[in-house]
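Engineer: Quick one: structure below, then a few questions.
Numbering (full-length UniProt numbering), first residue to last: 1 to 368.
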């Protein structure tokens, strides 16, 4: 059974015993155990590690035997280990457990104590671990330091000595604690600021998407409205074109249907149109009289017929529309009564008022 000593060995780890002639032949032959190894040195300078008691007379040929202490020892160390920031350090209280795992190497190097080689080795390994961790992550650094020696067991680092395990408790000095508190405070402020910025950006992004959707919707509505208005215009143009083709006088009726306030203008247009017809008729009649194509006695009959015809056209043509203005494309439909503002026009026949023609007195003299 291996002894576990809390402190470093008080005596030397390796004790050399020279073998003299006639000694250790029968008695005082060293017996190896869990806490002590026996290494014999022959006359040729070779080392033999024996795990059993040397047989009687077996010491012949050997000139010395080394008794190596292989107990498990512990050593407490206090180290100042740098962190990733280098400006701040971990205060490490370290407990190292170690033993001699290569008795032959210990015998060759005449190992006396492990302190001169143990502390530098442990400090170097722990420093390499500490510089990989920020000063605020002491817990992670402790775990990594404990794991650093897990794969090194029974692998001697010098003179046959191996570190079995290492426990490090890390603390911080007052200046480092102030620095860590400032780091935590800055980190909280940064997290709050980042959260607010992220929320603001999310809201802005959401509002931007809403604005884009609203703009696209408004544009779509405008396009639909324009298409609808264009279809209505095409229908009206088709309707008006058909009505005018049916009877040119329907154009006047359409004007009145669209804007009843233009009745005076429409009547004026009709009067001008028929005045032109009367002027043309009078000119024709004058020409016929000058060329003696008609007799003066027939003038009254001709003018009477012309007056009746023109009066009849004025009373019938503009208002004989085959389409109800209230059903014009784009106009609201009515179900009862006449449309508000409808135009009712009555043309007074002009038969009672004969058309008078002015004849030159010279023509009468010529007939005489």
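Idealized CB from N, CA, C, for every residue including glycine. Quick caveat, the model's predicted, so the values are computed rather than measured.
1. Looking at C-alpha atoms only, which residue of 199, 17, 99 is the closest neighbour of residue 164?
2. What does residue 380 pair with, by DSSP beta-bridge criteria?
3. Give the DSSP-derived three-state secondary structure of residue 192 in the structure shown.
4. If you run the structure through DSSP and keep just helix, strand and coil, what is residue 174?
5. Quick one: Cα of residue 94 to Cα of residue 130, how far?
6. Since residue 119 is in the alpha helix (DSSP H), which residue starts that stretch and which ends it?
7. Quick check: what's the CA-CA separation for residue 34 versus residue 60?
8. How about residue 170 and residue 141: are their beta carbons less than 7 Å apart?
9. Which residue comes first and which comes last in the beta strand (DSSP E) that contains residue 68?
10. Is the segment 118-132 in contact with the segment 172-191, if contact means three or more CB pairs nearer than 8 Å?
11. Work out the CA separation of residue 118 and residue 87 for me, nearest whole Å.
12. Look at the alpha carbon of residue 224 and the alpha carbon of residue 185, and state the distance between them as a whole number of angstroms.
13. Hey, how far is the Cα of residue 76 from the Cα of residue 115?
14. Among residues of its own chain, excluding the 5 on either side of residue 132, which ones have a beta-carbon nearer than 6 Å to its beta-carbon?
15. Please state whether the Cβ-Cβ distance between residue 370 and residue 111 is less than 7 Å.
16. Just to confirm, are residue 175 and residue 145 a CB contact at a threshold of 7 Å?
17. Taking buried to mean at least 16 other C-beta atoms within 10 Å of its own C-beta, is residue 287 buried or exposed?
18. Please report the distance separating the alpha-carbon of residue 65 from that of residue 173.
19. With a cut-off of 8 Å on the beta carbons, I'd call residue 63 and residue 19 a contact; round off their distance for me.
20. Using C-beta distances below 7 Å, list every residue in its chain close to residue 51, excluding the 5 sequence neighbours before and after it, in chain order.
21. Between the beta-carbon of residue 49 and the beta-carbon of residue 103, is there less than 7 Å?
22. Just to confirm, are residue 68 and residue 106 a CB contact at a threshold of 7 Å?
23. Tell me which residue opens and which closes the alpha helix (DSSP H) that residue 107 is part of.
24. Within the segment 179-252, note down every full alpha helix (DSSP H) run reaching 4 residues or more, in order along the chain.
25. Roughly how many angstroms lie between the CA atoms of residue 333 and residue 246, to the nearest whole one?
26. For residue 123, which residues from the same chain have a beta carbon less than 6 Å from its beta carbon, with the 5 sequence-adjacent residues on both sides left out?
27. Could you name the residues of the same chain whose beta carbon sits closer than 7 Å to that of residue 404, not counting the 5 residues immediately before and after it, in chain order?
28. DSSP state of residue 16, grouped into three classes?
29. Could you say which of 257, 216, 36 lies nearest to residue 236 if we only look at CA atoms?
30. Does the beta-carbon distance from residue 54 to residue 36 come in below 7 Å?
31. Closer than 6 Å by C-beta to residue 218: which residues in its own chain qualify, once you throw out the five before and the five after it? Chain order, please.
32. Would you identify the three-state DSSP class for residue 42, choosing helix, strand or coil?
33. Going straight from the alpha carbon of residue 74 to that of residue 157, what length do you get?
34. How big is the Cα-Cα spacing for residue 46 and residue 17?
Structural biologist: Here's the rundown:
1. The residue labelled residue 164 in the question sits at position 164 within the chain shown. Looking at the Cα atoms, 99 is the closest of the given residues.
2. There is no way to answer for residue 380, as the model of the chain reaches only from 1 to 368.
3. As a working note, residue 192 is residue 192 in the chain shown. In the structure shown, residue 192 sits in a helix (DSSP, three-state: H, G or I).
4. Looking up residue 174 in the chain shown gives position 174. Helix, per DSSP.
5. Along the chain shown, one-based indexing puts residue 94 at 94. Along the chain shown, one-based indexing puts residue 130 at 130. For residue 94 and residue 130, the distance between alpha carbons rounds to 13 Å.
6. The count along the chain shown starts at 1 and reaches residue 119 at position 119. Looking at the DSSP string, the run of the alpha helix (DSSP H) that includes residue 119 is 115-130.
7. Here residue 34 refers to the residue found at position 34 when the chain shown is read from its first residue. Here residue 60 refers to the residue found at position 60 when the chain shown is read from its first residue. One C-alpha to the other measures close to 25 Å.
8. In the chain shown, counting from the first residue as 1, residue 170 sits at position 170. In the chain shown, counting from the first residue as 1, residue 141 sits at position 141. Against a cut-off of 7 Å, the Cβ pair of residue 141 and residue 170 comes out as a contact.
9. Here residue 68 corresponds to residue number 68 of the chain shown, with the count starting at 1. Taken as a continuous stretch (DSSP letters only), the beta strand (DSSP E) holding residue 68 covers 62-69.
10. no
11. Mapped onto the chain shown, residue 87 falls at position 87. Mapped onto the chain shown, residue 118 falls at position 118. Near 26 Å, if we compare the C-alpha coordinates of residue 118 and residue 87.
12. Within the chain shown, numbered from 1, the residue matching residue 224 stands at position 224. Within the chain shown, numbered from 1, the residue matching residue 185 stands at position 185. Between residue 224 and residue 185, the C-alpha separation is close to 58 Å.
13. As a position in the chain shown, residue 76 is number 76, starting the count at 1. As a position in the chain shown, residue 115 is number 115, starting the count at 1. Rounded to the nearest angstrom, the two C-alpha atoms are 11 Å apart.
14. By 1-based counting over the chain shown, the position of residue 132 is 132. Counting only Cβ-Cβ distances below 6 Å, and skipping sequence neighbours, we find nothing.
15. Nothing can be reported for residue 370, as the shown portion of the chain is limited to 1 through 368.
16. By one-based count along the chain shown, residue 175 stands at place 175. By one-based count along the chain shown, residue 145 stands at place 145. It is not a contact, given that the beta carbons lie outside the stated cut-off.
17. One-based indexing of the chain shown puts residue 287 at position 287. Exposed, since its Cβ has fewer than 16 Cβ neighbours within 10 Å.
18. Mapped onto the chain shown, residue 65 falls at position 65. Mapped onto the chain shown, residue 173 falls at position 173. Distance between the alpha carbons of residue 65 and residue 173: 51 Å.
19. Locating residue 63 in the chain shown gives position 63, where the first residue counts as 1. Locating residue 19 in the chain shown gives position 19, where the first residue counts as 1. Their Cβ separation, rounded to whole angstroms, is 6 Å, which keeps residue 63 and residue 19 in contact under 8 Å.
20. Taking the first residue of the chain shown as 1, we reach residue 51 at position 51. The answer, listed in chain order, is 32.
21. Taking the chain shown and counting its residues from 1, one reaches residue 49 at position 49. Taking the chain shown and counting its residues from 1, one reaches residue 103 at position 103. Taking 7 Å as the Cβ cut-off, residue 49 and residue 103 qualify as a contacting pair.
22. The residue given as residue 68 occupies position 68 in the chain shown. The residue given as residue 106 occupies position 106 in the chain shown. Yes, the pair counts as a contact, with Cβ atoms nearer than the cut-off.
23. Residue numbering aside, residue 107 sits at position 107 when the chain shown is read from its first letter. Per DSSP, residue 107 belongs to the alpha helix (DSSP H) from 103-108.
24. none
25. Here the question's residue 333 lines up with position 333 in the chain shown. Here the question's residue 246 lines up with position 246 in the chain shown. With a pLDDT of only 44 at residue 333, under 50, the local geometry of the prediction cannot be trusted, and the value read off the model is given with reservation. Cα to Cα, the separation comes out at about 23 Å.
26. Counting from 1 along the chain shown, the entry for residue 123 is found at position 123. Counting only Cβ-Cβ distances below 6 Å, and skipping sequence neighbours, we find 79.
27. Because residue 404 is not part of the residues shown, which for the chain are 1 to 368, the question remains open.
28. Sequence index remark: in the chain shown, residue 16 carries index 16 (1-based). Note: residue 16 maps to strand in three-state DSSP.
29. Indexing the chain shown from 1 puts residue 236 at position 236. For residue 236, the nearest C-alpha among the options comes from 257.
30. Residue 54 sits at position 54 when you count from the first residue of the chain shown. Residue 36 sits at position 36 when you count from the first residue of the chain shown. No.
31. Translated into positions along the chain shown, residue 218 becomes position 218. Hits under 6 Å: none found.
32. Residue mapping note: residue 42 aligns to position 42 of the chain shown, counting from 1. DSSP places residue 42 in strand when its eight states are reduced to three.
33. One-based indexing of the chain shown puts residue 74 at position 74. One-based indexing of the chain shown puts residue 157 at position 157. Cα to Cα, residue 74 sits roughly 16 Å from residue 157.
34. Walking along the chain shown from the start, residue 46 turns up at place 46. Walking along the chain shown from the start, residue 17 turns up at place 17. Approximately 16 Å, taken between the alpha carbons.
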